[in-house]
Amino acid sequence: MADKIDHIVFDIGKVLIHYDPNLPFSRIIPDAEERKWFFQNVCTHDWNLEQDRGRKWEDAEALLIAQYPEREEHIRAFRKYWPEMVSHSYDDSVAIMLGLIDKGHDVTMLTNFAADTFVEARKMYPFLNSTRGITVSGEIGLIKPDVAIYERHAKDFGLTPENSIFIDDTMVNVEGARAAGWKAVQFTDAEKLKQDLIAHGIDV
249 MADKIDHIVF
259 DIGKVLIHYD
269 PNLPFSRIIP
279 DAEERKWFFQ
289 NVCTHDWNLE
299 QDRGRKWEDA
309 EALLIAQYPE
319 REEHIRAFRK
329 YWPEMVSHSY
339 DDSVAIMLGL
349 IDKGHDVTML
359 TNFAADTFVE
369 ARKMYPFLNS
379 TRGITVSGEI
389 GLIKPDVAIY
399 ERHAKDFGLT
409 PENSIFIDDT
419 MVNVEGARAA
429 GWKAVQFTDA
439 EKLKQDLIAH
449 GIDV
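Heads up: the sequence shown begins at 249 in our numbering, then just goes up one per residue.
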């Protein structure tokens, strides 16, 4: 018999709230090719991930400004206009999560997020305060898909890995959870999520 799922763990970005740096930057750098170059070479995904790991924004900005002094204004714009990047919530996914809580399921969150921007996100989206707790990568210096962050989350919240299911939009993070002994599914849309949860014996 399959393990019974006792704990449901949600990622946040692109599962519950939208995230797209192009939203403010299409205004800041209107030329699409230049903007693409900027994200591939200056404010890259890997650079931003280090803030998720706990690096301070001022250190992150200083590092890039030393390399690209002519881009200082654009580099500083990344943090300055960050709230515009998380423009809306995915209400159908949020409804599933809140419904699970209402049905008495144990729900927590595990996210790669800079500590200070997460404080803002909580204010923008109050549903982020509705679960039993959250592991925020930037607060603990660990990031997905490192197995250590899943182990830390399980320890902090008393989860049994084989009785836990993780929901993330990025396959490498899903694989990280599986490597830590969890069940895990990749999020594409709310309807598929509902079917995946039902398939794991969860009352949705």
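Here a beta-carbon is modelled for each residue, glycine too, at the ideal position from N, C-alpha and C.
As the structure is a computational prediction, the values presented were derived from the model and not from experiment.
**Q.** First through last residue of the beta strand (DSSP E) which encompasses S412
**A.** Within the sequence shown, the letter at position 164 stands for residue 412. From DSSP, the beta strand (DSSP E) with S412 extends over 412-416.
**Q.** Sequence-distant residues of its chain with Cβ nearer than 7 Å to G429 (five each side left out)
**A.** Translated into the one-based positions of the sequence shown, residue 429 becomes position 181. Excluding sequence neighbours, G429 sits near P409, E410.
Q. Which of helix, strand or coil does DSSP assign to T384?
A. For the purposes of this step, residue 384 is taken as the residue at position 136 of the sequence shown. The sequence given here places Val at residue 384; Thr does not occur at that position. Three-state result, V384: strand.
Q. Can you name the residues that DSSP bridges to T356?
A. On the sequence shown, residue 356 is found 108 positions in, with the first residue counted as 1. DSSP output for T356 lists V257 as bridge partner(s).
Q: Count the other C-beta atoms from every protein chain shown that fall within 10 angstroms of the C-beta of D339, then say buried if there are 16 or more, exposed otherwise.
A: Numbered from 1 along the sequence shown, position 91 holds the residue referred to as residue 339. With fewer than 16 Cβ atoms within 10 Å of its Cβ, D339 is classed as exposed.
(Q) Quick check on DSSP: helix, strand or coil for M249? (A) The residue labelled residue 249 in the question sits at position 1 within the sequence shown. Reliability fails at M249, whose pLDDT of 45 lies under 50, so the model's placement of it is uncertain and the value that follows must be treated cautiously. Looking at M249 - three-state DSSP - the assignment turns out to be coil, as it is neither helix nor strand.
Q.
Rounded to whole angstroms, what is the Cα-Cα separation between T356 and L311?
A. Within the sequence shown, numbered from 1, the residue matching residue 356 stands at position 108. Within the sequence shown, numbered from 1, the residue matching residue 311 stands at position 63. Computed Cα separation, rounded: 34 Å.
Q: Would you check if the region 291-303 and the region 385-400 touch, i.e. whether three or more CB-CB distances between them fall below 8 Å?
A: yes
Q) If you check the beta carbons only, do Y373 and I256 fall under 7 Å apart? A) Within the sequence shown, numbered from 1, the residue matching residue 373 stands at position 125. Within the sequence shown, numbered from 1, the residue matching residue 256 stands at position 8. No, the Cβ-Cβ distance between Y373 and I256 is not below 7 Å.
Q. Would a C-beta distance cut-off of 7 Å place L271 and E332 closer than the cut-off?
A. The residue you call residue 271 lines up with position 23 of the sequence shown. The residue you call residue 332 lines up with position 84 of the sequence shown. Contact flag set, yes.
Q) Closest by CA to A363, which one among F435, D268, D251, R301? A) For the purposes of this step, residue 363 is identified with residue 115 of the sequence shown, where counting begins at 1. Of F435, D268, D251, R301, the residue nearest in Cα terms is R301.
Q. Do I344 and A438 have their C-beta atoms within less than 7 Å of each other?
A. Position 96 of the sequence shown, counting from 1, holds the residue named residue 344. Position 190 of the sequence shown, counting from 1, holds the residue named residue 438. The answer is yes: Cβ separation under 7 Å.
Q. Based on the DSSP secondary-structure assignment, which residues constitute the bridge partners of S337?
A. Translated into positions along the sequence shown, residue 337 becomes position 89. DSSP lists I265 as partners of S337.
Q. Going by alpha carbons, who is nearest to D254 out of Q434, L441, L407?
A. As a working mapping, residue 254 is identified with position 6 in the sequence shown. Of the listed residues, the one whose Cα sits closest to D254 is L407.
Q: Starting from the C-beta of K252, find all residues in its chain whose C-beta is less than 7 Å away, skip the five residues before and the five after it, and write them out in chain order.
A: In the sequence shown, the residue the question calls residue 252 occupies position 4. Closer than 7 Å at the Cβ level, and outside the excluded window around K252, lie N411, G449.
Q | Burial state of G424, where buried means 16 or more other Cβ atoms lie within 10 Å | A | Reading the sequence shown from its first residue, position 176 is the one you call residue 424. With 16 or more other Cβ atoms within 10 Å, it is buried.
Q. What span of residues does the beta strand (DSSP E) with K431 cover, start to end?
A. As a first step, residue 431 is located in the sequence shown; it is residue number 183 there, counting from the start. Run containing K431: 431-434, per the beta strand (DSSP E) assignment.
Q) Around the C-beta of V420, are 16 or more other C-beta atoms found within 10 angstroms, so that it is buried, or is it exposed? A) Working through the sequence shown from its first residue, we reach residue 420 at position 172. Of the other Cβ atoms in all chains shown, fewer than 16 fall within 10 Å of the Cβ of V420; this residue is therefore exposed.
Q) Taking the alpha-carbon positions, what's the I397 to Q315 distance? A) Numbered from its first residue, the sequence shown carries residue 397 at position 149. Numbered from its first residue, the sequence shown carries residue 315 at position 67. Approximately 31 Å, taken between the alpha carbons.
Q: Would you kindly work out how many angstroms separate the C-alpha atoms of E306 and I323, rounded to a whole number?
A: The count along the sequence shown starts at 1 and reaches residue 306 at position 58. The count along the sequence shown starts at 1 and reaches residue 323 at position 75. Cα to Cα, E306 sits roughly 11 Å from I323.
Q. Taking Cβ to Cβ, would you say F361 is nearer than 7 Å to G381?
A. Taking the sequence shown and counting its residues from 1, the one referred to as residue 361 is at position 113. Taking the sequence shown and counting its residues from 1, the one referred to as residue 381 is at position 133. No, the pair does not count as a contact, with Cβ atoms beyond the cut-off.
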